[in-house]
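Enquirer:
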Amino acid sequence: MSTGTTAIHLAAGEGTRLRPLTNDRPKPLVELGGTSLLERNVETLERAGVENQIVVTGHEGDQIRDLGLETVHNGVYDETEMVYSLFRAADEFPEEGAGDLIISYGDIVYERAIVEELLACDAPMCIVVDREWRALWNARFDDPLEDAETLSLDGEGRIRSIGDTPSGYDDIDAQYTGLLKVRNDHVEPLIDVYRDLDDQQDGYVSVDTTAFLQGLIDDDWHLQAVPVDGGWLEVDTLSDLEHYRQRYEDGSLDEFISL
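Residue numbering for the sequence shown follows this note's numbering, beginning at 15 and increasing consecutively.
What follows is the structure, given as structure tokens:
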């Protein structure tokens, strides 16, 4: 267990939709603007005051360890989901009474201001969601709904549902960004939830992240939205990366994020 707020970067996946760039490197080491996604996020979190950072590795994980970052390896990355990767690092989660737990997808980048807003949230679980997601999705997809997921909020900004396939835009109050925080007093209970899931499985826990979050909601956990209006990117496909790189070169990427 760690003391102080700790960030876990989930970087184990193969990044198949970024091939051939990911044939010989982890997805988070793909570069945008001359710096890898992972190194950008590590630096952004450091500038926001988060010094304890752990990377869960898988595909070509030695390359991340060679950067001098602290790592935990998921040896079955090709058989498991991000939730399994996250709890591979459970021994590195903050100690009781210490700092909070930040969880970051490995294929996103975000501005420091977003991290600061996340750190300021005091709910049991704080989830960064983008209210202006359609601008980014319109730039990435002919039909933004083809890759979007449902997310509904109540009047207090509490997330009531997440992760289903939308039938229309009315099903989406915002889009989950892949960045969240667990308050310290809910870290151990979160581990307990995972252990219960693990006990019910014959093999590896195979639930994906949004299904895991929905399970928490169904169990009456308080998931509070931290709403933002842009300031982040998801880099999921070659088309995404090429689009962002072109915008970086011509200066128009600032419409979405300041790198």
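Idealized CB from N, CA, C, for every residue including glycine. The structure presented is a predicted model; accordingly, all values stated were derived computationally and were not measured.
Within the same chain, show all residues whose beta-carbon is closer than 6 Å to that of residue 137, passing over the 5 residues directly before and after it, in chain order.
Expert: 236 and 238
Enquirer: Residue 211 and residue 139 - do their beta-carbons sit closer together than 9 Å?
Expert: no
Enquirer: Mapping the DSSP letters down to three states, classify residue 66 as helix, strand or coil.
Expert: When secondary structure is reduced to three states using DSSP, residue 66 falls in the strand class.
Enquirer: Among residues of its own chain, excluding the 5 on either side of residue 275, which ones have a beta-carbon nearer than 8 Å to its beta-carbon?
Expert: Outside the displayed range of the chain (15 to 273) lies residue 275, so it cannot be described from this structure.
Enquirer: Is residue 91 helix, strand or coil by DSSP?
Expert: coil
Enquirer: Contact check, residue 20 vs residue 116 under 8 Å by CB: the rounded distance?
Expert: 7 Å
Enquirer: For chain C, check one thing: does any of its Cβ atoms lie closer than 9 Å to the Cβ of residue 172?
Expert: Absence of chain C from the displayed structure is noted, only one protein chain being present.
Enquirer: Round the Cβ separation of residue 68 and residue 56 to the nearest angstrom and send it over; I've been treating them as touching at under 8 Å.
Expert: Wrong, their Cβ atoms sit about 11 Å apart, outside the cutoff.
Enquirer: DSSP on residue 223, reduced to helix/strand/coil?
Expert: helix
Enquirer: Whole angstroms is fine: what's the gap from residue 98's alpha carbon to residue 253's?
Expert: 28 Å
Enquirer: Restricting to runs no shorter than 3 residues, where is the beta strand (DSSP E) found entirely within the region 99 to 143?
Expert: Runs found: 115 to 119 and 122 to 124.
Enquirer: Suppose contacts are defined by Cβ-Cβ distances below 9 Å. Is residue 274 in contact with residue 131 by that definition?
Expert: Lying before the first or after the last residue shown, residue 274 is absent from the chain, which here runs from 15 to 273.
Enquirer: Could you tell me which of 150, 82, 43 and 114 sits nearest to residue 198, measuring between CA atoms?
Expert: 114
Enquirer: Which residues mark the beginning and the end of the beta strand (DSSP E) in which residue 238 is found?
Expert: Counting along the chain, the beta strand (DSSP E) containing residue 238 begins and ends at 237 to 242.
Enquirer: Would you identify the three-state DSSP class for residue 9, choosing helix, strand or coil?
Expert: The displayed coordinates of the chain run from 15 to 273. Any statement about residue 9 would go beyond what the structure contains.
Enquirer: Between the Cα of residue 78 and those of 61, 53 and 143, spot the shortest distance and give me the residue it belongs to.
Expert: 53
Enquirer: Roughly how many angstroms lie between the CA atoms of residue 141 and residue 240, to the nearest whole one?
Expert: 6 Å
Enquirer: Checking 9 Å against the spacing of the C-beta atoms, do residue 28 and residue 41 come in under that value?
Expert: yes
Enquirer: State the DSSP-derived secondary structure class of residue 23, mapped to helix, strand or coil.
Expert: strand
Enquirer: Figure out for me which residue from 91, 35, 127 and 266 has the closest Cα to the Cα of residue 243.
Expert: 127
Enquirer: What are the boundary residues of the beta strand (DSSP E) that includes residue 191?
Expert: 189 to 196
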